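*Asks:* Have a look at this one.
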Amino acid sequence: MTTPVIDPRVPVLDARGLHVSFAGRTGVFAGLFGREEASARAVDGVDLQVRRGEVLAIAGESGCGKTTLARTLMGLERPREGSILFEDKPMPRDLRAYRRKVQMIFQDPTGALNPRQTIYESVAEGLRIHKVPGNEEERVAAALSQAGLRPPERFFLLYPHEISGGQRQRVVIAGALVLNPEVIIADEPVSMLDASVRGEILKLLLGLRDELGLTIVVVTHDLGMAWMIADRVAVMYLGRIVELGPAEDVLTKPRHPYTKALLDVVPEAGGLDRPVLTGEPPDPTRIPAGCRFHPRCPEVASGRAEAAGILGRCTGEDPVLRVLAADHTAACHLAE
Amino acid sequence: MSVLTVRDLNVIYSTQGGDVPAVRGVNLDVARGEVLGLAGESGCGKSTVAHAILRLLPAGARVEGEVLLDGEDVLAMKPGRLRAVRWTGAAIVFQGAMHALNPVRRVGDQIAEAMIIHRQASERDAFHRAQLLVEQVGLPARRARDYPHELSGGQRQRIMIAMALACNPNLIIADEPTTALDVMVQAQVLSLLSGLQQEFGLAMIFITHDLSVLVEACDRIAVMYAGRIVEEGPSEMLFGSPAHPYTKALAAAFPQIGDERFRRAPSGLPGDPPDPAAVPAGCPFHPRCPEAIDACAREDPALLKLTVDSRRRAACIRVDRLGAPEMVP
């Protein structure tokens, strides 16, 4: 497949200074029965431009805020601070029109479909909510066949339990496509599917981008999957994008120590003697001062940061994303 | 001698819709100190095999064949003997550590319980031994006083591993031990398991759908499809140069980052894994096989040695092999 031409100057979605937090336990009962908890800063200062026609992967550990970022781009979470522009205009308060243009696909296709609705009803539902004029049956059939369910009529009257997991995810994709969206945000779209089925769904998503010019944002913990489909990769850690750039660069020439650590734990033939970050996934209610990664950073632990004379900055100064190579940015004092 | 030998294992579930063969003629050997990986997708029968080894299947399941644990047939054991063998002969680390622990008991007590029941330790010593085990799996000993909800997913999985080690078994069966865990925690648990395995010279069966995890953790891998083993061999060869088309497809689902062949080229198989109640005739994989020929719909291939390497076996009539009934060019 050839590399598509994507104009970096044309963002479809433009997130600026995004902060999203969730309240901790507070108030009378928490005060009586436990300690009050700080709020969780799930997304903690994200600037991200999604370019028209690209496949952008947002990667990171669980708890890094990648799903919250995706949900905020969808309008499912309200940012505490910052704004989202869609085609240069602020995201409208009434999300109905916005949702026609930006559709989301969730991880679990079984949970996303109403078990008592036929496939036809599930796909047609979006058309009815948005009162889309025209021939409903034709549109549903077209969407199902775009999603690879052919002939579509054969699926109309089936229920979700009568089809396989892979087919269910195709139905969910058809439900998004039926509204002719411009952006699809997919949260771990294949992680619940069998390994042999995943490739076909990814192939479908890539094909939709090539044929319909869709923009696709895919949230994943799987860097191998990013390698297979993404044009650009954004790596998140504790609510912040710490590295962003073309997939080739980020995945084969990573600049941020966290990206390197994530790549090190991708299992591959040849051994278990690779470095693994210690400790549990970080806690968004207690974001460390300075560089938020420094307590787990192998560069700090090994003394390389100190040898380079930047340890004070690692522990005291929050790094910002800086351009390190063409289109490739990372937030690390050592990488600068 | 093998720690575990499985011969012609068949497991049939009786359901309202009739008999469903979940495992169809599986043979396995695991030597002392060896790690065998069992790979396959949902419904391929890999977990059923694991449960059949310790007779943990529900009452409706019919098990045929032989399961020899240290030379003794598990399927013929009396209930008392079977109870003794579970945990002491072989132990299972179940998938989903969240649900396998009792939420209202301290994890140390749960580890101690197995030792007391199996008379591996007196009631006085058991908790102390449990604390040592908790340290051995990389947690501070005081964590033995915690309840499951006070631990993270990765920590709970470590407790499950400590529990499996409690009665010094010869064989550990790890059923998707890392599936619900995060990437970084998964790597930690994997290196813990393999460290313990080497330290104690344990035999281990490692079950997962993720072939890349297996390659790293196992000496040998068996790939299952529709209740059968379709390919078996040393893990790096199996992953690096798979013989069976199904193994090839599984390997392609876990690409090497940096390998240009996978860049913007996801590949998968059409269709879905078969329903065990309706396994296709001939080679059960033929409807999804990109390399199938006419004969595949008629002939059910046996698992035979490859001519190129006698340590490897595959069940595919297209694969060059020794003693094949008919060679297809």
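Chains S and H, in that order, are what the protein sequence lines are. Under numbering that gives the first Met the number 0, the first residue of the first sequence carries the number 0, and numbering increases by one thereafter. Under numbering that gives the first Met the number 0, the first residue of the second sequence carries the number 0, and numbering increases by one thereafter. Just so you know, even glycine gets a beta-carbon here, dropped at the ideal spot from N, CA and C. Predicted model only: the values in this text are computed from it and were never measured.
What is the DSSP secondary structure of Gln156 (chain H), reduced to helix, strand or coil?
*Replies:* Residue state, collapsed to three classes: helix.
*Asks:* Counting only beta-carbon separations shorter than 9 Å, does Glu40 (chain H) have a partner in chain S?
*Replies:* Closer than 9 Å: yes.
*Asks:* Determine, using beta carbons only, whether Met183 (chain H) comes closer than 9 Å to chain B.
*Replies:* In the displayed structure, chain B is absent; the protein chains listed are S and H.
*Asks:* Count the other CB atoms, across all protein chains shown, that sit within 10 Å of the CB of Gln197 (chain H); report buried if there are 16 or more and exposed otherwise.
*Replies:* Counting Cβ neighbours within 10 Å, Gln197 (chain H) comes out exposed, since fewer than 16 surround it.
*Asks:* Quick one: is Thr207 (chain H) buried, meaning 16 or more other Cβ sit within 10 Å of its Cβ, or exposed?
*Replies:* It is buried - the Cβ of Thr207 (chain H) has at least 16 other Cβ atoms within 10 Å.
*Asks:* Going by alpha carbons, who is nearest to Leu320 (chain S) out of S:Gly244, S:Ile83 and S:Cys296?
*Replies:* Cα-wise, what sits closest to Leu320 (chain S) is S:Gly244.
*Asks:* List the residues of chain H whose Cβ lies closer than 9 Å to the Cβ of Ser144 (chain S), in chain order.
*Replies:* None at all; the shortest Cβ gap to chain H is about 15 Å.
*Asks:* Relative to the alpha-carbon of Thr246 (chain H), which residue among H:Phe93, H:Arg311, H:Glu175 and H:Ala294 has its alpha-carbon at the smallest distance?
*Replies:* Nearest option by C-alpha distance: H:Arg311.
*Asks:* First and last residue of the beta strand (DSSP E) that includes Ile5 (chain S)?
*Replies:* From DSSP, Ile5 (chain S) is part of no beta strand (DSSP E); its letter is neither H nor E.
*Asks:* Taking C-beta pairs closer than 7 Å, name the residues in chain S that Leu249 (chain H) reaches, listed in chain order.
*Replies:* What Leu249 (chain H) touches in chain S: Ala194 and Ser195.
*Asks:* Quick check on DSSP: helix, strand or coil for Cys131 (chain H)?
*Replies:* Before going further, note that residue 131 (chain H) is Leu rather than Cys in the sequence given. DSSP places Leu131 (chain H) in helix when its eight states are reduced to three.
*Asks:* Please work out which residues of its chain come closer than 6 Å, Cβ to Cβ, to Arg61 (chain H), disregarding the five sequence neighbours upstream and downstream, and give them in chain order.
*Replies:* The residues are Ile11.
*Asks:* Report the three-state DSSP secondary structure of Leu3 (chain H) (helix, strand or coil).
*Replies:* Correct three-state label for Leu3 (chain H): strand.
*Asks:* Check each residue of the segment 251–263 of chain S: if its Cβ is closer than 9 Å to any Cβ of chain H, include it; give the result in chain order.
*Replies:* Here the close residues are Thr251, Ala260, Leu261, Leu262 and Asp263.
*Asks:* Might you give, ordered along the chain, the residues of its own chain that have their beta carbon closer than 7 Å to the beta carbon of Pro286 (chain H), omitting 5 neighbours on each side?
*Replies:* Counting only Cβ-Cβ distances below 7 Å, and skipping sequence neighbours, we find Gly270 and Pro279.
*Asks:* Examine chain S for any beta-carbon lying closer than 9 Å to the beta-carbon of Met159 (chain H), and answer yes or no.
*Replies:* No, its Cβ sits nowhere closer than 9 Å to a Cβ of chain S.
*Asks:* Enumerate, from N- to C-terminal direction, the unbroken alpha helix (DSSP H) stretches of 4 or more residues contained entirely within the segment 40–114 of chain S.
*Replies:* Listed in chain order, the complete alpha helix (DSSP H) runs (minimum 4 residues) inside the segment 40–114 of chain S are 65–72, 94–100 and 108–111.
*Asks:* Does DSSP put Ala179 (chain H) in a helix, in a strand, or in coil?
*Replies:* Reduced to three states, the DSSP call for Ala179 (chain H) is coil.
*Asks:* Count the CB pairs spanning the segment 258–267 of chain H and the segment 222–237 of chain S that are closer than 8 Å, and state whether there are at least three.
*Replies:* With a cut-off of 8 Å, the segment 222–237 of chain S and the segment 258–267 of chain H count as touching, because enough Cβ pairs lie within range.
*Asks:* Taking 7 Å as the limit between beta carbons, can you name the residues of its chain near His293 (chain S), skipping five residues before and five after?
*Replies:* Excluding residues within five positions, the ones whose Cβ falls inside 7 Å are Pro287, Val299, Cys313 and Thr314.
*Asks:* Would you please verify whether the beta carbon of Val335 (chain H) is less than 9 Å from any beta carbon of chain S?
*Replies:* With chain H represented from 0 up to 328, any question about residue 335 (chain H) goes unanswered, as that position is not in the structure.
*Asks:* Please state if the CB of Met203 (chain H) and the CB of Ile160 (chain H) are separated by a distance shorter than 9 Å.
*Replies:* No, the pair does not count as a contact, with Cβ atoms beyond the cut-off.
*Asks:* Given this structure, state the Cα-to-Cα distance separating Ala69 (chain S) from Val182 (chain S), to the nearest angstrom.
*Replies:* For Ala69 (chain S) and Val182 (chain S), the distance between alpha carbons rounds to 12 Å.
*Asks:* Using 9 Å as the limit for Cβ to Cβ distance, is Gln106 (chain S) near chain H?
*Replies:* Cβ-Cβ to chain H under 9 Å: no for Gln106 (chain S).
*Asks:* Expressed to the nearest angstrom, what Euclidean distance is found between the alpha-carbon atoms of Ile220 (chain H) and Leu100 (chain H)?
*Replies:* Looking at the two C-alpha atoms, the distance is approximately 29 Å.
*Asks:* Using C-beta distances below 6 Å, list every residue in its chain close to Gln94 (chain H), excluding the 5 sequence neighbours before and after it, in chain order.
*Replies:* Closer than 6 Å at Cβ, skipping near neighbours: Asp174, Glu175 and Thr178.
*Asks:* Does the beta carbon of Gln168 (chain S) come closer than 9 Å to any beta carbon on chain H?
*Replies:* For Gln168 (chain S), the answer is no, since every Cβ of chain H falls outside 9 Å of its Cβ.
*Asks:* With DSSP run on the structure shown, which of helix, strand or coil describes Glu335 (chain S)?
*Replies:* In this structure, Glu335 (chain S) counts as coil in the three-state DSSP scheme.
*Asks:* Taking 9 Å as the threshold (C-beta atoms), are Ala296 (chain H) and Ala314 (chain H) in contact?
*Replies:* Against a cut-off of 9 Å, the Cβ pair of Ala296 (chain H) and Ala314 (chain H) comes out as no contact.
*Asks:* I'd like to know whether the C-beta of Ser190 (chain H) is nearer than 9 Å to at least one C-beta of chain S.
*Replies:* Yes, Ser190 (chain H) counts as interfacial toward chain S.
*Asks:* Tell me the DSSP secondary structure of Glu247 (chain S) in three-state form.
*Replies:* Three-state DSSP puts Glu247 (chain S) in a helix.
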